[in-house]
Amino acid sequence: MGNYLTGIKVAYSGIGVTLQITAAAVIIGVALGLLIAMCKLSKYKIISLPAAVYVELLRGTPLIVQALILYNGVPTLLQANGIMFRWDYPVIAGMLACGINSSAYVAEIIRSGLQAIDKGQMEAARSLGMTQLSAMKLVIIPQAFKIILPALGNEFIALIKESAVLSVISITEITRKSMLWSSATFLAWPAYLGTAFVYLSLTIPLSRIVVYLERRMAQSDRS
């Protein structure tokens, strides 16, 4: 029993790095995702086509490959062109990799939410004198947010779990901590069951919060 408790304790020691990466990735993912979603909805091909390609490339390749390209490939490319660069802080590369990857999924979530809003909402807002930007910000996006909240919540929970692949670029997060401890002690079961327990302690409360918010919004709509 003591080994299992130690395994949990070791995994918890990496929780700070995992949460830092997830928080930064959420911010990057939402900001980029909203921009990409708006570009995909543009009627101009010169804007919508690159956005569509961006989404397909990121959704069609694994996060682990994207992280390796960012962490190893980008410095190699820059150094080949005479620019000396390396990631002194791998965590930053991990934040960017997760955030950029998430932005493709968030973009599709936001796009589908925006398209679910009746076009008459925009027309009504414009008839009241609002600009298109104001109408999007004050009328369309708040309504779309209620629709996409469950999907966004699931994406953010997935980010916590997917951050485990960043151990391949030397980031010592939850999974990496457990891997190092397992290698040193040969206690695989306590190490990885502890890892699973820590991830569950993060994802289960978050999923309950998302369900709670969804119910509150449904109640406000009925009232």
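Last residue of the sequence shown? That's 241 in the working numbering, and every number before it is there in order.
Where is the CB? At the ideal position from N, CA and C, for every residue including glycine.
Source: prediction; values computed, not measured.
Under three-state DSSP, which class holds residue i?
i	result
F204	coil
I16	Only positions 19 to 241 of the chain appear in the structure, and residue 16 is not among them; the question remains open.
T190	coil
R104	coil
S60	coil
I135	coil
L86	helix
S31	coil
P80	coil
N21	helix
T221	helix
L75	helix
M148	coil
N119	helix
N172	helix
Please determine, among the options, the residue with the shortest C-alpha to C-alpha distance to residue i.
i	options	result
L50	S181, A69 and S60	A69
N90	A111, L170, L75 and I101	A111
A115	L81, A122 and G147	L81
T40	I87, M235 and A182	A182
V109	L220, T190, S121 and V92	T190
I127	S200, M140 and A55	A55
G138	I166, Y123, M154 and V124	M154
K46	V124, R77, C57 and R194	Residue identity differs from the one stated: residue 46 is Ile in this sequence, not Lys. Taking only the C-alpha atoms, the option nearest I46 is V124.
With a CB to CB cut of under 6 Å and the five nearest residues on each side skipped, what residues in its chain are close to residue i?
i	result
Y30	V216
What does a CB cutoff of less than 7 Å around residue i pick up in its chain, not counting 5 residues either side in sequence?
i	result
I10	Residue 10 cannot be examined here, being either before or after the span of the chain that is shown, 19 to 241.
V186	I82, A85 and L86
### Query
Hey, is the stretch 20-28 in contact with the stretch 199-214, meaning 3+ C-beta pairs nearer than 8 Å?
yes
### Message
If contact is defined by three or more beta carbon pairs under 8 Å, each pair taking one atom from either stretch, is the stretch 155-173 in contact with the stretch 125-139?
### Response
yes
### Task
Report yes or no: do three or more beta-carbon pairs, one from the stretch 139-149 and one from the stretch 90-108, lie closer than 8 Å?
no
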